Amino acid sequence: MISSSFISSYFMLKAVDNLCLHKMGGDLYQRIEKECEAHISRALQSLVGQSPDLVVFLSLVEKCWQDLCDQIMMIRGIALVLDRTYVKQTPNVLSLWDMGLHLFRKHLSLSPEVEHRTVTGLLRLIEKERLGEAIDRALLNHLLKMFTALGIYSESFEKPFLDCTSQFYATEGVKYMQLSDVPDYLKHVEMRLHEEHERCLLYLDATTRKPLVATAERQLLVSHISAILDKGFTMLMDGNRIEDLRRLYGLFSRVNAFELLRQALSSYIRGTGQGMIMDEEKDKDLVSSLLEFKASLDMIWEESFSRNDVFSNTIKDAFEHLINLRQILDTLCTELIAKFLDEKLRAGNKGTSEEELEGMLDKVLVLFRFIQGKDVFEAFYKKDLAKRLLLGKSASIDAEKSMISKLKTECGSQFTNKLEGMFKDIELSKEINESFKQSSQARTKLPSGIELSVHVLTTGYWPTYPPMDIRLPHELNVYQDIFKEFYLSKYSGRRLMWQNSLGHCVLKAEFPKGKKELAVSLFQTVVLMLFNDAQKLSFEDIKESTGIEDKELRRTLQSLACGKVRVLQKVNAIQLKETVEENTSTTERVFQDRQYQVDAAIVRIMKTRKVLSHTLLITELFQQLKFPIKPADLKKRIESLIDREYLERDKSNPQIYNYLA
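Residue numbers (my numbering): 167 to 827.
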């Protein structure tokens, strides 16, 4: 059975076909437009003064819109021929669908109350959702699609929506910044940005996503960047809050705030590090503290800052500043790094494996790279290495050579040439001692009961040691003379000079409680052997018998008489301890060497350039010299060379220097 609606539709379709066939499509189009406009006008006017409940009102608007869409689609289906003939063939005539949208948009603008209440209702619903209330998202979605279809989404909805969003988050940002700590605030911002992104996926037009997120970022982040950094950055760094710092980095990357974050990181490192370095009471643990600090920064850089090169360079620059912070006043950091290595490489570090020691060397090498005055490091490191090698106190020769290899890779062979020479001397000394033991002099002339091992050191490789006079026991003098005779017979033309301050011995002693072996310095040996012939000796007696100068003798006697276990302790540890004079001497030698290097650099530059201004000469010196130096010190060296007639001031311009051949 055929329904009446089908028959009605069939006859209407035929009627439209006939009208179009007889060139009456224009009249038909105008009649349809007139009827649609009257219907739309009545429908929108009926909404004026409707329910004060915004949700109810929005539902009525949605129904009105949906009814229009359904009716236009039905008309278009019946009058399809009209769309395909008259509309297509006639310029500036809208399709039936577009004509319906145009009429709805026209009469909506003629009903400002309806449009205003609709927009206000949509904004209120979104605000409720932001405040945590459940809303009808489908209703929102349908009405916003209506605005898009009508072509008024941007002007009528998006602009007021972004204004409301800005006001909402401006208020919320201030409130949350005051009430919460930085980690919680960052979590809140991250959550809000995620919600706004979801909002775009669920019901907002895709074109809104970018300005919406930018608005939220501006009010929640950009407006509070300084407060976030001032209030929480130090706390996050001190606490190694990896996850929170990762969140901070991610959020700051969204608003191009990396430079402010970089500045905060630099200030934090410099401030925290300066507190470590300038606190003289913590000098003993300074290197360990710096290594721990650097390790924590590296972990944050890797896990929170995405291994960003900008932040890596910031850490490096800040650490270089720290390591050289006290260079102007002293060489503390450089010296302490060398001393730290001495502790790690010295025998007696129980429980440290080769792998752990190697890892520690690599970590210290990172600090070494930041040192500007590497000549200072080389001087202290060489002095400590000499003691380890000469006293047999090195924890691992392999580790020693590994460290020198690392230094060579960093600074070149010229930097490690003397250090490598020290190892060659030690190896060669072993061969010389073996050869000496097999020699006829050793077999026939050596006194019994004494074993001697000699280190033959090349003067240019080793630190400078001041000569110290001492009256050795007859047996030791004989031993020295026999070795000297043997050595010079093999290496004629060389000169041997005994360094008594570096000698050490193992003495066999008999005490009431049994026999003991004492590891002592040569000076301690000479003093102790005096007591073979006397029970008591005065300071003056010992001084007269040994010939040791007052200060060194007091130091020697103190080590023998004031230890926790007197005499029985391993008192040659005194040779490992650095005196104030020794430290000062090392520093003075470094600065003396620097003066020579500065003088040589000035002469080298002026010999090439012949004539140069003071400013350009200073600039070239800073480029060539590899250690930190103040302009005032450079000026002193220039004046010295003028006094020694290497240079002269130009007679017409005292700021110009002339080289004197």
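From the three backbone atoms N, C-alpha and C, an ideal C-beta is built for every residue, glycine too. In this text, all values refer to a predicted model and were calculated from it rather than measured experimentally.
- Segment contact: the region 227-245 against the region 260-274, three or more CB-CB distances shorter than 8 Å; contact assigned.
- Every alpha helix (DSSP H) of 4 residues or more that sits fully in the region 246-295 is shown, in chain order, as 262-275.
- Judged by beta-carbon spacing, residue 504 lies beyond the 9 Å limit of residue 554, meaning their Cβ atoms are not closer than that value.
- CA-CA distance, residue 591 to residue 673, rounds to 26 Å.
- Apart from sequence neighbours up to five positions away, the residues of its chain that approach residue 812 with a beta-carbon distance below 7 Å are 769, 826, ordered along the chain.
- Following the DSSP letters along the chain, one finds residue 681 inside the beta strand (DSSP E) bounded by residues 680-687.
- Here residue 562 really is in contact with residue 520; their C-beta atoms are around 6 Å apart, less than 8 Å.
- Between residue 667 and residue 690 the beta-carbon gap is near 12 Å, outside 8 Å, which marks them as no contact.
- Assignment of alpha helix (DSSP H) within the region 495-558, counting only whole runs of 4 or more residues, yields 498-511, 520-536, 540-556 in chain order.
- Straight-line measurement puts the Cα of residue 260 at about 29 Å from the Cα of residue 283.
- Put simply, the region 430-441 touches the region 479-489. At least three CB pairs are less than 8 Å apart.
- Under the DSSP assignment, residue 579 falls outside any beta strand (DSSP E), being part of the alpha helix (DSSP H) whose first and last residues are 579-604.
- The region 178-239 is shown to contain whole alpha helix (DSSP H) runs of 4 or more residues at 191-211, in chain order.
- Taking C-alpha positions only, residue 509 is separated from residue 644 by approximately 37 Å.
- Assigned with DSSP and collapsed to three states, residue 330 falls in helix.
- Annotation for residue 759: 541 place their beta carbon closer than 7 Å to its own, counting only its chain and skipping 5 residues before and after.
- Taking each of 580, 299, 181, 593 in turn and checking the Cα distance to residue 620, the smallest one comes out for 593.
- Buried is the label assigned to residue 335, since at least 16 other Cβ atoms lie within 10 Å of its Cβ.
- In the three-state DSSP reduction, residue 621 falls in the coil class, being neither helix nor strand.
- Secondary structure remark: continuous beta strand (DSSP E) runs of at least 3 residues inside the region 611-677, in chain order: 670-677.
- As computed with DSSP, residue 823 is found in a beta bridge with 778, 815.
- Only residues of its own chain outside the window of five on either side were considered, and among them 489, 500, 543 have a CB closer than 6 Å to the CB of residue 537, listed in chain order.
- Between residue 331 and residue 372, the CB-CB gap reaches or exceeds 9 Å.
- At the C-beta level, residue 452 and residue 402 stay beyond 9 Å of one another.
- In this structure, the beta-carbon distance from residue 352 to residue 417 falls below 9 Å.
- Within the same chain, and ignoring the five residues on either side of residue 651 in sequence, the residues whose Cβ sits closer than 7 Å to its Cβ are 607.
- Only buried fits residue 385, as 16 or more other CB atoms lie within 10 angstroms of its CB.
- By the Cβ rule, the region 306-317 counts as touching the region 357-377, because three or more pairs are nearer than 8 Å.
- In the three-state DSSP reduction, residue 704 falls in the coil class, being neither helix nor strand.
- About 13 Å separates the beta carbon of residue 195 from that of residue 246, a gap too long to meet the 8 Å contact definition.
- Between the C-alpha atoms of residue 471 and residue 522 there is a straight-line separation of about 28 Å.
- Separation of the CB atoms of residue 822 and residue 800 is rounded to 16 Å, and the pair is thereby denied contact status at 8 Å.
- In the DSSP annotation of this structure, the continuous segment of the alpha helix (DSSP H) that includes residue 315 starts and ends at 303-316.
- Just measuring C-alpha positions, the residue of 185, 304, 349, 642 sitting nearest residue 405 is 349.
- Inclusion of residue 221 and residue 287 in the CB contact set at 9 Å is warranted, their separation being smaller than that value.
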